[in-house]
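K.L.:
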Amino acid sequence: MTTTSEMTVLAETPMAIEGSWVDGEAYIQSKDVKEVLGWELKPEGLCKGDVCIPLGDTVDSNSNDSFNLSHLAALVGRPSLTTSDTGTVTIGQPYSVRSEALTKRVAPDFSLPDISGVDRALSDWAGKKRLLVAFSSW
Amino acid sequence: MADENFSVIAVAIDENTEAITELAAGSTYPVLMDEDHLLTELFAISNVPSVIWIDEDGMIARPAAAEFGTDTFTEITGISRETHMQQVRNWVREGVLPDDASYSVPDLAEEEVQARLHFRLAAFLRRAGRVDEAETHFDKASELTPLDFTIVRASMPLRGGDPFGEEFFDLYQKYQDAGSPFHGIPRGAA
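Protein chains in written order, with the working numbering: chain A, 83 to 220; chain B, 93 to 282.
Spelled out as structure tokens, the structure:
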């Protein structure tokens, strides 16, 4: 027997969803998969655009139409950290995005707020040479 | 070089908007806040400053290196900017790349990926006022990557420590003893 409870998913932005915990593993309902991962759960598998990845036997599911979130993340090539004690699942960026940056030199686009709180994307300066400077106050 | 089809984009791997706003006072280029260290995942960054050159087509022309593109932070880092700035000028004006631009930055190891997730979780928990839980995950992140500045040093001010104090010098000593490992072009590489 599983009970639903609030679960925090830290993916692109923190979101609170109804999920369930079974033996320390996080399960989310099929309807929430798209919002959490950007991929939609369909009969064919996890789909985005024309691409579908069959779930095969790598993704555990349970009777109330819920799916193991870390398995789903792994299927679309993203690392995750499940911590049932904090009620949180943290999902990292796709391995392939960083790998393409390092081996094929494709700069991944990203969007972040500027110091005035306005969202800015790397692609806002597309067509220009850009010096990306990572710095800090620490 | 602002009108030469060129732009500096500064990204603070930091959640302290106040401190960054102060540091960036007077800057003419955009300064973005990356409180979740997204760039350290996307580009395999493990220390700051890290400067990446990106061309008109969105391709990485020169991968991460410990340089500054502006003189705003030179005082803090002690890194001379002149050589780098000349190289940037040559690239912007002539399309010439330095020899070290072909250096291949190694991918993150799995423990470095996991450390980033623990750090992000810890930072989230801390902002939610869940300080003890945050400590657990800052600890785990630092255990996984004891020499990663974006993990260990970045967490110091979030844990009541001093990123310019004794614990930083301890980290720096260990880092040097280990051969200064970081994800970027090593000094003097060509």
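In this text, a Cβ means the ideal position worked out from N, Cα and C, and glycines have one as well.
What does Val244 (chain B) reach in chain A if we use C-beta pairs closer than 7 Å?
P.N.:
None at all; the shortest Cβ gap to chain A is about 10 Å.
K.L.:
Examine the ligand HEM and report whether any of its heavy atoms sits within less than 7 Å of the Cβ of Lys124 (chain A).
P.N.:
In terms of ligand content, the structure shown is empty, and the ligand HEM therefore cannot be addressed.
K.L.:
Looking at the secondary structure, which residues open and close the alpha helix (DSSP H) in which Glu94 (chain A) lies?
P.N.:
Looking at the DSSP string, Glu94 (chain A) is not in any alpha helix (DSSP H), and its letter there is neither H nor E.
K.L.:
To the nearest whole angstrom, what separates the beta carbons of Gly120 (chain A) and Lys113 (chain A), a pair I think is in contact under 8 Å?
P.N.:
The pair is not a contact, with the Cβ atoms about 14 Å apart (cut-off 8 Å).
K.L.:
On a Cα-Cα basis, can you pick out the residue from B:His275, B:Glu96 and B:Val100 that is closest to Ser196 (chain B)?
P.N.:
Minimum Cα distance to Ser196 (chain B) is reached at B:His275.
K.L.:
Taking the alpha-carbon positions, what's the Ala102 (chain B) to Asp128 (chain B) distance?
P.N.:
If you take the alpha carbons of Ala102 (chain B) and Asp128 (chain B), they lie about 15 Å apart.
K.L.:
Give me the Cα-Cα distance between Ala158 (chain B) and Phe241 (chain B), rounded to the nearest whole angstrom.
P.N.:
When rounded, the distance between both Cα atoms is 12 Å.
K.L.:
Buried or exposed, going by whether 16 or more other CB atoms sit within 10 Å of the CB of Ser219 (chain A)?
P.N.:
With 16 or more other Cβ atoms within 10 Å, it is buried.
K.L.:
What are the residues that DSSP puts in a beta bridge with Arg202 (chain A)?
P.N.:
Per DSSP, A:Leu194.
K.L.:
For Val188 (chain A) and Asn139 (chain B), I'd like the C-alpha separation in whole angstroms.
P.N.:
Straight-line Cα distance between these residues: approximately 21 Å.
K.L.:
To the nearest angstrom, how far is the alpha carbon of Gln175 (chain A) from that of Glu186 (chain B)?
P.N.:
Those two C-alpha atoms are separated by around 35 Å.
K.L.:
At the 8 Å Cβ level, is Gly106 (chain A) part of the contact set with chain B, yes or no?
P.N.:
Chain B, which has no Cβ nearer than 8 Å to the Cβ of Gly106 (chain A), makes this no.
K.L.:
If I measure Cβ to Cβ from Ala116 (chain B) and keep anything under 6 Å in the same chain, skipping five residues before and after, which residues do I get?
P.N.:
Around Ala116 (chain B): Val123.
K.L.:
Using a Cβ cut-off of 8 Å (strictly closer), state whether Leu263 (chain B) contacts chain A.
P.N.:
Output row for Leu263 (chain B): interface = no.
K.L.:
Does the distance from the CB of Leu163 (chain A) to the CB of Thr140 (chain A) come in under 8 Å?
P.N.:
For Leu163 (chain A) and Thr140 (chain A), no; Cβs fall outside 8 Å.
K.L.:
Going along the chain, which residues of the segment 209–220 of chain A sit with their C-beta nearer than 9 Å to a C-beta in chain B?
P.N.:
Cβ contacts with chain B: Gly209, Lys210, Lys211, Arg212, Leu213, Leu214, Val215, Ala216, Phe217, Ser218, Ser219 and Trp220.
K.L.:
So is Arg212 (chain B) in contact with chain A if we call contact Cβ pairs under 8 Å?
P.N.:
It does; some Cβ of chain A falls within 8 Å.
K.L.:
Go through its chain and collect everything with a Cβ distance to Leu123 (chain A)'s Cβ below 6 Å, but skip five positions before and after it.
P.N.:
Hits under 6 Å: Ser112 and Val115.
K.L.:
In the DSSP assignment, what are the bridge partners of Trp103 (chain A)?
P.N.:
Beta-bridge pairing links Trp103 (chain A) to A:Ala108.
K.L.:
By Cβ distance below 6 Å, which residues in the same chain neighbour Ile168 (chain B) in space, the five residues on each side in sequence not counted?
P.N.:
Its pLDDT being 49, under 50, Ile168 (chain B) is placed unreliably by the model, and the measurement read from it follows with that caveat. So the list is empty, once near-sequence residues are dropped.
K.L.:
To the nearest whole angstrom, what separates the beta carbons of Thr86 (chain A) and Leu217 (chain B), a pair I think is in contact under 8 Å?
P.N.:
That belief does not hold up - the Cβ atoms of Thr86 (chain A) and Leu217 (chain B) are roughly 22 Å apart, past 8 Å.
K.L.:
Closest to Ile173 (chain A) by CA distance: which of B:Leu189, B:His210, B:Pro190 and B:Ala111 is it?
P.N.:
Considering only alpha carbons, the answer is B:His210.
K.L.:
Nearest chain A C-beta to Arg208 (chain B) closer than 8 Å, yes or no?
P.N.:
It does; some Cβ of chain A falls within 8 Å.
K.L.:
Can you give me the Cβ contacts of Leu213 (chain A) inside the same chain, cut-off strictly under 8 Å, excluding the 5 residues immediately before and after it?
P.N.:
Cβ neighbours of Leu213 (chain A) beyond the five flanking positions: none.
K.L.:
Just reading off the alpha helix (DSSP H) that Thr109 (chain B) is part of, what are its end residues?
P.N.:
Residues Thr109 to Leu115.
K.L.:
With 8 Å set as the bound, which would you pick, yes or no: does the beta-carbon of Thr170 (chain A) sit closer than that to a beta-carbon of chain B?
P.N.:
For Thr170 (chain A), the answer is yes, since a Cβ of chain B falls inside 8 Å of its Cβ.
K.L.:
Can you tell me whether DSSP reads Arg212 (chain A) as helix, strand or coil?
P.N.:
Of the three classes helix, strand and coil, the one that applies to Arg212 (chain A) here is strand, per DSSP.
K.L.:
How long is the line joining the alpha carbons of Thr90 (chain A) and Pro125 (chain A), rounded to whole angstroms?
P.N.:
In a straight line, the C-alpha of Thr90 (chain A) is about 26 Å away from that of Pro125 (chain A).
K.L.:
Between Asp126 (chain B) and chain A, is there a C-beta pair that is closer than 8 Å?
P.N.:
Yes, contact with chain A.
K.L.:
Within this structure, are the beta carbons of Asn97 (chain B) and Lys211 (chain A) separated by less than 8 Å?
P.N.:
The answer is yes: Cβ separation under 8 Å.
K.L.:
Can a CB atom of chain C be found closer than 8 Å to the CB of Ala183 (chain A)?
P.N.:
No chain C is present in this structure, whose protein chains are A and B.
K.L.:
Check the Cβ of Phe222 (chain A) against every Cβ in chain B and list those closer than 8 Å, keeping chain order.
P.N.:
Nothing about residue 222 (chain A) can be reported from this structure: the residues present for chain A run from 83 to 220 only.
K.L.:
Quick check: what's the CA-CA separation for Thr165 (chain A) versus Gly106 (chain A)?
P.N.:
The straight-line gap from Cα to Cα measures roughly 7 Å.
K.L.:
Tell me whether the segment 245–252 of chain B and the segment 195–212 of chain A touch, counting them as touching only if at least three CB pairs, one residue from each stretch, are closer than 8 Å.
P.N.:
No contact exists between the segment 245–252 of chain B and the segment 195–212 of chain A.
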